[in-house]
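1 is the number of the first residue of the sequence shown in full-length UniProt numbering; add one for each residue after it.
The beta carbon of each residue, even a glycine, is placed where N, CA and C say it ideally should be.
Since the structure comes first, as structure tokens, the remarks are kept for the end.
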Amino acid sequence: NGSVAFLINVLINEAEPVRLQDVAVVSEYPDVFLEKLASLPPTREVDFKIELLPEMAPISKAPYRMAPAELEELKEQLQELLDKGFIRPSVSPWGAPVLFVKKKDGTMCLCIDYRMLNQVTIKNKYSLPRIEDLFDQLKNAKVFFKIDLRTGYHQLLIREEDVSKTAFRTRYGHCEFRVMPFGLTNAPAAFMDLMNRVFQELLDRFVIVFVDDILVYSESVAEHRDHLRRVLGLLRKHKLYAKYSKCEFWLEK
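Rendered as structure tokens:
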């Protein structure tokens, strides 16, 4: 898919995990690499909007059946989202069902089935970059740095008047998202807009962004140090956080 293609064929060799404090430049920005997002993101230049087709009435569907183990997992994940402030109790007339998808590592990913909401949402025409154009930027690059934002979508607030549209129904109550959830049709475009605004001055010079992935590329090690500091400095300034375990540093191809 697009996110995979974005990695620009950077080959990553299997190696022992390297501690953050041992990585040059990265060690200067430990606050950018949080273990978990613990609270709501700040108000940003961009927020997430859900604009509907004319005269659309709220849509609500009954919760899906779940196995006992799934219900137990649901309780835990809902409580974690409530504790962080990412969701709140809702009385919205909207209501999407939820389900679980098993990840490769065996953990359960909570998914909201927003297909009905997506059908009545006006699609954002914000264009994503062409992969071919991204390749053109890398012709002379020799050092690379890949950043994966931590649960990137949850780092963007939803416009208050649209929060009720994200409501979902479960056996344990009715909730709605205050941060952008996964599964909404315009989420990739909205986050791409945010990233382009944050990195506007660096794009096509030594930074490529594709939704919540960032690639920094340089022609020399000395140049790369400066580039990393500028990119990580912007993440710090805008309170955007990366997942260290999914980042790759000082790659040579």
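In this model, V216 and Y64 are separated by some 43 Å (Cα to Cα). Put simply, of P181, Y153, L202, Y126 the residue whose alpha carbon is nearest the alpha carbon of L232 is L202.
Of L52, S39, R19, S218, the smallest CA-CA separation from I122 is found for L52. Note that the C-beta distance between V46 and L156 is below 8 Å. Rounded to the nearest angstrom, the gap between the Cα atoms of V211 and A189 is 7 Å. In the three-state scheme derived from DSSP, where H, G and I count as helix and E and B as strand, H238 is classed as coil.
Annotated three-state conformation of E51 is coil, per DSSP. Ranked by Cα distance from V179, the options L34, P30, A38 are led by A38. The stretch 162-174 makes contact with the stretch 85-99, as at least three CB pairs between them are under 8 Å.
Taking C-beta atoms under 8 Å as the contact rule, V25 and L235 fail to qualify, at a distance of about 13 Å. Nearest Cα to M192 within the set K239, N124, C109: N124.
In this structure, Y241 lies near L149, with their beta-carbon atoms less than 8 Å apart. Ranking V18, V207, I208, V163 by CA distance to the CA of W94 puts V163 first.
Around the beta carbon of V32, a 10 Å sphere encloses 16 or more other beta carbons of the protein chains shown; the residue is thus reported as buried.
Shortest Cα-Cα distance from I147 to any of Y244, F177, R19, M195 involves Y244. P41 sits close to K239, with the two beta carbons spaced by under 8 Å. Burial state of A96 is buried, judged by a 10 Å Cβ sphere holding 16 or more other Cβ atoms. Non-local beta-carbon contacts of V101 in its own chain, meaning distances under 8 Å to residues more than five positions away in sequence, involve M108, C109, C111 in chain order. When the beta-carbon positions are compared, V23 and F182 stay at least 8 Å from each other. Ranked by how close their Cα comes to the Cα of E73, the residues R130, Q137, L99, I208 have L99 in first place. When the Cα atoms are used, L34 and E55 turn out to be separated by approximately 43 Å. Beta-bridge partners of V209 (DSSP): I214. Of all alpha-carbon atoms in Y153, K246, K142, the one lying nearest the alpha-carbon of S220 is that of K142. Taking L20 as the centre and dropping the five residues before and after it, the same chain places the C-beta of V26, S27, P30, F33, Y244 closer than 8 Å to its C-beta, in chain order.
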